[in-house]
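One structure is given here, and the rest of the page talks about it.
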């Protein structure tokens, strides 16, 4: 980019905030909040809320039709659902299977807003888990899409 070039906010995606999952979640079957992120938003502006995480089932179990649902919600586990994705878990990998889910949100008011990534077993019988570590964290982040 040439020196002195003027860039508008709409031209650049801007990271508002990022939350990292640096340790494995507890195992679960029911919908559980596994990661939250908050950012200061501006009314009328549109934001992307994106999760990049790894899903697995309890080690020592063999998956039989195991599926998991990830949701991005406003505020917490009982908040308004912004998006949902269903993912097959094919083995009891200690590393987990990479999953990405994306939602868009247009702020209705200026101020701090929290978003949650929730996860639940949708089918199967194993306990599910979202994986994270310092060396390979999961992420939930907010980016400005348009102002």
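In my numbering, the protein residues as written are 79 to 225. C-beta atoms are modelled at their ideal positions from N, C-alpha and C, and glycine is treated no differently. What you are looking at is a predicted structure, and each value in this text was computed from that prediction instead of being measured.
Is it right to say residue i is buried, meaning 16 or more other beta carbons lie within 10 angstroms of its own, or is it exposed?
i: residue 110; result: buried
i: residue 226; result: Nothing in the structure corresponds to residue 226, since the chain is present only between 79 and 225.
i: residue 146; result: buried
i: residue 193; result: buried
i: residue 243; result: Outside the shown range of the chain, which is 79 to 225, sits residue 243, and nothing can be said about it.
For residue i, which residues of its own chain have a beta-carbon under 8 Å away from its beta-carbon, when the five flanking residues on both sides are left out?
i: residue 189; result: 118 and 119
i: residue 171; result: 134
i: residue 107; result: 198, 199, 205 and 206
i: residue 114; result: 97, 154, 192, 193, 194, 195 and 218
i: residue 210; result: 98, 99, 100, 101, 102, 103, 131, 132 and 216
In the structure shown, what three-state DSSP assignment does residue i receive?
i: residue 167; result: coil
i: residue 121; result: coil
i: residue 184; result: strand
i: residue 116; result: strand
i: residue 80; result: Any answer about residue 80 is weak, because its pLDDT of 44 lies below 50 and its placement is not dependable; what the coordinates show is given next. Residue 80 falls in the coil class under three-state DSSP.
i: residue 89; result: Its pLDDT being 49, under 50, residue 89 is placed unreliably by the model, and nothing is read from it.
i: residue 111; result: strand
Tell me, which residues are paired with residue i by DSSP?
i: residue 148; result: 163 and 197
i: residue 130; result: 178 and 217
i: residue 208; result: 133
i: residue 97; result: 218
i: residue 106; result: 206
i: residue 189; result: 119
Residues in the same chain with beta-carbon distance under 7 Å from residue i, minus the five sequence neighbours each way, listed in chain order, please.
i: residue 156; result: none
i: residue 93; result: 219 and 221
i: residue 127; result: 150, 160, 181, 183, 193 and 220
Only counting the same chain, and skipping five residues up and downstream in sequence, which positions put a Cβ closer than 6 Å to that of residue i?
i: residue 144; result: 135, 167, 202 and 204
i: residue 123; result: 185 and 225
Looking at C-beta atoms only, is the number of pairs between the segment 123-134 and the segment 190-208 that lie closer than 8 Å three or more?
yes
Given 8 Å, three or more beta-carbon pairs between the segment 138-151 and the segment 165-183:
yes
State whether the segment 93-105 contacts the segment 156-167, with contact taken as three or more CB pairs (one from each stretch) at a distance under 8 Å.
no
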